[in-house]
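Visitor: Residue numbers (my numbering): 189 to 370.
#1: State the Cα-Cα distance for the pair residue 214 and residue 360, rounded to the nearest angstrom.
#2: Since residue 317 is in the alpha helix (DSSP H), which residue starts that stretch and which ends it?
#3: According to DSSP, is residue 343 helix, strand or coil?
#4: Could you pull the DSSP bridge partners for residue 249 from this structure?
#5: What number of angstroms, rounded off, separates the C-alpha of residue 220 from the C-alpha of residue 255?
#6: Output the distance between the C-alpha atoms of residue 294 and residue 305, rounded to the nearest integer angstrom.
#7: So the candidates are 322, 323, 321, 298; which of them puts its Cα closest to the Cα of residue 312?
#8: Which of helix, strand or coil does DSSP assign to residue 325?
#9: Give the straight-line distance between the Cα atoms of residue 323 and residue 251, rounded to the nearest whole angstrom.
#10: Taking C-alpha atoms, which residue in 346, 291, 300 lies nearest to residue 329?
#11: For residue 354, which three-state DSSP category applies?
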């Protein structure tokens, strides 16, 4: 992956100067972004990563946490190839799985490929867990669960989510939904 491509993946809502650009209004009750920033603890620049992440102001990972007060259902689906790759048919499967309300939906988690397997993803998940737990502090209510979806072929991410405590809620041919109750 080229540096330009990495920047596009890691910072889709930021302009070329690093400023946040709101392209659409969020339809979630509230949304929080968590960012992992690269710093060289040695301070001598010897590992060469400063140049790699200079354009992103050191951003090496991001995740969005969306508080949702609705109880959507997961409608499972499978992709069936009919002929060439241009002709795909999507079929829904039942039953749909109810999701608790409220819940915190995790979306758009990205860690730069050169920084993966260093604990950054787990640190981002831990930050979201602290945020999620803080949501119930004011009213003394239950801590909402954290829910996410992930492609079935993303075994590294699934392994990390399982290690964090996520369990399967729904799984089909394309993706799976996972949740963790805190």
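Using N, Cα and C, we set each Cβ at its ideal position, and we do this for glycine too.
None of the values given here were measured: they were computed from a predicted structure.
Guide: Quick answer:
#1: Note that residue 214 has pLDDT 45, beneath the 50 cutoff, so the model's placement of it is unreliable and no number is given.
#2: 308 to 322
#3: Looking at residue 343 - three-state DSSP - the assignment turns out to be helix.
#4: 224, 299
#5: Approximately 8 Å, taken between the alpha carbons.
#6: 19 Å
#7: 298
#8: Note: residue 325 maps to coil in three-state DSSP.
#9: Distance between the alpha carbons of residue 323 and residue 251: 17 Å.
#10: 291
#11: coil
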